[in-house]
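Respectively, the protein sequence lines represent chains A and B.
Residues 1 to 109, numbered by my numbering, are exactly what the first sequence covers, in order.
Residues 1001 to 1111, numbered by my numbering, are exactly what the second sequence covers, in order.
First the structure, in the form of C-alpha cells, and then the observations on it.
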Amino acid sequence: GEDVEQSLFLSVREGDSSVINCTYTDSSSTYLYWYKQEPGAGLQLLTYIFSNMDMKQDQRLTVLLNKKDKHLSLRIADTQTGDSAIYFCAENSNYQLIWGAGTKLIIKP
Amino acid sequence: EPEVTQTPSHQVTQMGQEVILRCVPISNHLYFYWYRQILGQKVEFLVSFYNNEISEKSEIFDDQFSVERPDGSNFTLKIRSTKLEDSAMYFCASTSEYEQYFGPGTRLTVT
C-alpha cells in the first residue's frame, strides 16, 4: 500500500537552512503537501506542490519534487526559533491524505 | 481568514460511552474529512464526506463510527461505544479543491 517516510528528527543552527526530506510510494499522487504542527496545536498547511512541478518557492520555503525518485523536500531558509515544530509530508491518494510520521525540527542557538 | 473550528478541545469519556465530536468546516468548502492521530503515531485517514454522503472510508472507520452533516454548517463524528484504543487527537478538515485545511483537533481520552 501507499507509504510516506520521513526522518524523525532534524537539528539545525538558528540562521542556517533546514532541509526536511520525504519519500512517498504512490506514483499517481497528484498533490504533495507540507504541514506544520506546533506543540499542542493543529495541523497548519504550509505549502503544496502539484506532481507536474519540480519546484515551488514561497517566501522562505522551497519545495523540491523529484517524481522519478518519489522524493520531496522542504527547505526553510534562515531558520528561526519560531520554526520549531513537527513537519509532516503528506501525499494525496484517492482524495485522502497519506501522512509521514513527521520530522521534529530542533533549532540550536 | 476563514478557519475550521472544532469542539470540544478535550473530551474525557468512559469506555462504552458514546461521544460526538463537532466541527464547523470553512463555509464554501464541499469536501469534509476526519483524521485521527494516536499519541506518537502517524495521522490516519478515517473518512471523507461529499454531497451529504461518505465518499471514502478507511478500515478504522467501522460500524462504531458515523458521520453526519445535520445542518448547513456542522459536521460531526460519532463514536457509539468508545474503546480505550479510541483515545487520540481527532482532526476535522475541509477543502474546496486542493488545499485541505485542518481544525485544531479534539483530544479524546477514553478511561
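For every residue, glycine included, the Cβ atom is placed at its ideal position computed from N, Cα and C.
- Taking the C-beta atoms as reference points, S73(A) is found no nearer than 8 Å to L105(A).
- When DSSP states are grouped into helix, strand and coil, D1071(B) belongs to the coil group.
- One alpha carbon belongs to P1025(B), the other to F1049(B), and they sit about 12 Å apart.
- Of all residues in the region 1092 to 1110 of chain B, those with a C-beta nearer than 7 Å to a C-beta of chain A are Y1098, E1099, Q1100, Y1101, F1102, G1103, P1104, G1105, reading in chain order.
- Of the other Cβ atoms in all chains shown, 16 or more fall within 10 Å of the Cβ of F88(A); this residue is therefore buried.
- Of all alpha-carbon atoms in Q1017(B), F1061(B), V1067(B), the one lying nearest the alpha-carbon of T1082(B) is that of Q1017(B).
- Among the residues of chain B, those whose CB is under 8 Å from the CB of N94(A) are E1056, following chain order.
- In this chain, the beta strand (DSSP E) harbouring T1109(B) covers 1106 to 1110.
- Comparing alpha carbon positions, the residue from I1038(B), D1063(B), P1070(B) closest to N1051(B) is P1070(B).
- In the three-state scheme derived from DSSP, where H, G and I count as helix and E and B as strand, E1003(B) is classed as coil.
- In the DSSP assignment, F50(A) falls within the unbroken beta strand (DSSP E) covering 44 to 50.
- Contact with chain B is found for W99(A), since one of that chain's Cβ atoms lies less than 8 Å from the residue's Cβ.
- For the pair T1109(B) and P1008(B), the CB atoms are not nearer than the 8 Å cut-off.
- With a threshold of 16 other beta carbon atoms within 10 Å, D1063(B) falls short and is exposed.
- Under the Cβ distance rule, Y87(A) does not count among the residues neighbouring chain B, no pair being separated by less than 8 Å.
- Comparing alpha-carbon positions, the option among T81(A), E91(A), A41(A) lying closest to Y48(A) turns out to be E91(A).
- Closer than 8 Å to the CB of Y48(A) there is at least one CB belonging to chain B.
- Secondary-structure assignment with DSSP links D58(A) through a beta bridge to L61(A).
- Of all residues in the region 27 to 47 of chain A, the ones placed with a Cβ closer than 8 Å to any Cβ belonging to chain B are Y31, Y33, Y35, A41, G42, L43, Q44, L45, in chain order.
- Among the residues facing chain A, S1087(B) is not included, as its CB has no counterpart in that chain under 8 Å away.
- Taking a contact to require three or more Cβ pairs closer than 8 Å, the region 23 to 42 of chain A and the region 64 to 71 of chain A qualify as touching.
- Beyond the five residues adjoining it in sequence on each side, R1080(B) comes within less than 7 Å, by CB distance, of E1018, Q1064 in the same chain, given in chain order.
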